[in-house]
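Working notes, beginning with the structure itself.
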Amino acid sequence: MSEGYGQAEEIVSPWVYAAVYLALLAGVGLTIAASYLKLGILNPILVLTIAFAQATLVALYSMHLKWSTKLNMLSVGACIFIYLFLIAMVLLDYISRAWGSW
Amino acid sequence: MPDSSVHAQGKPGAADQAHAGAAPYLLHHFNSVEQQADTSSFAMWLFLLTEVMFFGGLFVVYLIYRNWYYPAFVAGSRQLSVLWGGINSVLLITSSFTMTLAVWNARMRRQGGLVLCLALTFVLGLVFLGIKGGEYKEKFDKHHIPGEHYSLQSFLDPDSDPVAAGTAPLPLDEARHTELFFSLYFAMTGMHALHMIVGMGLMAFILFRARAGAYTAGHTAFVEYFGLYWHFVDIIWIFLFPLLYLINRH
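In order, the protein sequence lines correspond to chains U and C. Just so you know, we're using our numbering here: the first sequence kicks off at 1 and counts up by one. Just so you know, we're using our numbering here: the second sequence kicks off at 103 and counts up by one.
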C-alpha cells in the first residue's frame, strides 16, 4: 500500500538536529566575522553563500526535505529556479536600461 | 432531497468499509495514511513556496535599491545593532532547534517532552519579538521611522549621533535615500515579525492541545507542518540578518 509514497514516518536522531543546530550557530558567527573583512564585492557574495548553506541545512534536515517525497524536492527545486529566473529578468532590465538618459 | 442521497448517508459507503480497522484520523478520501501524509505535506510545501515568492519580491526591491543608493544603505545599516541582531539570530535558530525536538517528541509519543519543547519554542519566539520591539522603539525615538517626521540628522551630521560618529556625512540627496533603507527594513522585518506572531498564535493552540495528548497518539501531522512553517520563518531571518544588519561593517 505504501509503494510510491514517501517516508513520512522517518524518525531522525536528535543528535542530527543538534549537529545542524551547532552548524547554524557557527554560520551566524562566520557571517558576522565575514562582514568585518574588507573584501569589496566578495563581501555580499560570501555572506549570502553562508546564508544559502544555512538555509539548505534547515530545509534538508530540520524540515526533513532529505527524507521527503521526490515531488516535494522537485517543487522546491522548481521554485528556486523560477525565483532566480525572475531575478535575472529584473536585473536584465536594470542593467540594459539607459538610466538618466530620458 | 433525492432518495439516493438519503441511502448514501444512511449506509456505510465502500470507502468507509475499506477504512475499517484503519487509523481513526485517516480521512475517507485517502487510500492510506501514507497517501494522506504525502498529500498534506505537499500542500504545506506549496504554501511555503508561495511565501518564498512573497518575500522574494521584497528581496528583489532590496537588491535593486541597494545597488542604486549604496552609500545610503551602508549608513542606514550602521544604525542597526549587530549585537541585538546577532542575539536574535541565535534565539531564532535555537527556537528552530527546539521545534525539531518537539516534532521528534511527538513522533516518539512523549507528551512531556513535546509540551516542554513547544513551550521553549514559544518563549524564545517571544523574546525575539521583545528585542525586535526594543529595536523599533529606538528607531522611533531617533525619528528613523519613514514618514513625515523622518530625521536626516544622523546622516547629515554623523558626529551628533554616537552610533554614526566618525563616519563621513552624506550629501543631502543621498541622505534622503536612507529613508528608503528604513522603509525596506520595516517592511521586511515587520512582515517577518507578523509571520512570527501568527506562528505563535498557532503554537499556543498546539501547546494547549498537546497538553491534552492530541499529538502523541500517532497523528503528528499538525505539529510537523507547523514545524515546517516555523523553520521557514527561521530561513527568512537567516537572509534578513546579513542583508539588513551587515552591509559594509568594516
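Even for Gly, the Cβ is constructed at its ideal location relative to N, Cα and C. Nothing here was measured: the structure is a model prediction, and the numbers come from that model.
Using the beta-carbon count (16 or more within 10 Å), is residue i buried or exposed?
i	result
residue 283(C)	buried
residue 298(C)	buried
residue 43(U)	buried
residue 89(U)	exposed
residue 13(U)	exposed
residue 355(C)	Only positions 103 to 352 of chain C appear in the structure, and residue 355(C) is not among them; the question remains open.
residue 143(C)	buried
residue 96(U)	exposed
residue 326(C)	buried
residue 320(C)	exposed
residue 69(U)	buried
residue 322(C)	buried
residue 279(C)	buried
7 Å is my cut-off, CB to CB: does residue i come that close to chain U?
i	result
residue 147(C)	yes
residue 131(C)	no
residue 344(C)	yes
residue 202(C)	yes
residue 333(C)	yes
residue 189(C)	no
residue 206(C)	yes
residue 217(C)	no
residue 313(C)	no
residue 352(C)	yes
residue 162(C)	yes
The ligand MG and residue i: does any heavy atom of the ligand fall closer than 6 Å to the residue's C-beta?
i	result
residue 22(U)	Judged by which ligands are present, the structure shown has none, so any question about the ligand MG falls away.
For residue i, which three-state DSSP category applies?
i	result
residue 168(C)	helix
residue 72(U)	helix
residue 99(U)	coil
residue 378(C)	What is shown of chain C runs 103 to 352, which leaves residue 378(C) out entirely.
residue 94(U)	helix
residue 265(C)	coil
residue 111(C)	With a pLDDT of only 46 at residue 111(C), under 50, the local geometry of the prediction cannot be trusted, and no value is derived from it.
residue 322(C)	coil
residue 63(U)	coil
residue 207(C)	helix
residue 145(C)	helix
residue 191(C)	helix
residue 139(C)	helix
residue 348(C)	coil
residue 17(U)	helix
residue 197(C)	helix
residue 213(C)	helix
residue 181(C)	coil
residue 336(C)	helix
residue 315(C)	coil
residue 133(C)	coil
With a threshold of 7 Å between beta carbons, is residue i in contact with chain C?
i	result
residue 63(U)	yes
residue 87(U)	yes
residue 35(U)	yes
residue 95(U)	no
residue 41(U)	no
residue 69(U)	yes
residue 66(U)	no
residue 32(U)	yes
residue 45(U)	no
residue 55(U)	yes
residue 51(U)	yes
residue 74(U)	no
residue 24(U)	yes
Validate contact between the region 191 to 203 of chain C and the region 325 to 344 of chain C using beta carbons, cut 8 Å, 3 pairs: A contact exists between the region 191 to 203 of chain C and the region 325 to 344 of chain C.
Segment contact, 8 Å Cβ cut-off, at least three pairs: the region 24 to 41 of chain U with the region 183 to 196 of chain C: yes
Validate contact between the region 273 to 291 of chain C and the region 203 to 213 of chain C using beta carbons, cut 8 Å, 3 pairs: Because the criterion of three Cβ pairs below 8 Å is not met, the region 273 to 291 of chain C and the region 203 to 213 of chain C do not touch.
Cβ pair count under 8 Å reaching 3, the region 211 to 228 of chain C against the region 251 to 258 of chain C: no
Touching by the beta-carbon criterion (3+ pairs, under 8 Å), the region 44 to 63 of chain U and the region 14 to 22 of chain U: At 8 Å Cβ cutoff, the stretches touch.
Any 3 or more C-beta pairs closer than 8 Å across the region 339 to 346 of chain C and the region 233 to 240 of chain C: Taking 8 Å as the limit for Cβ pairs, the verdict is that the region 233 to 240 of chain C does not touch the region 339 to 346 of chain C.
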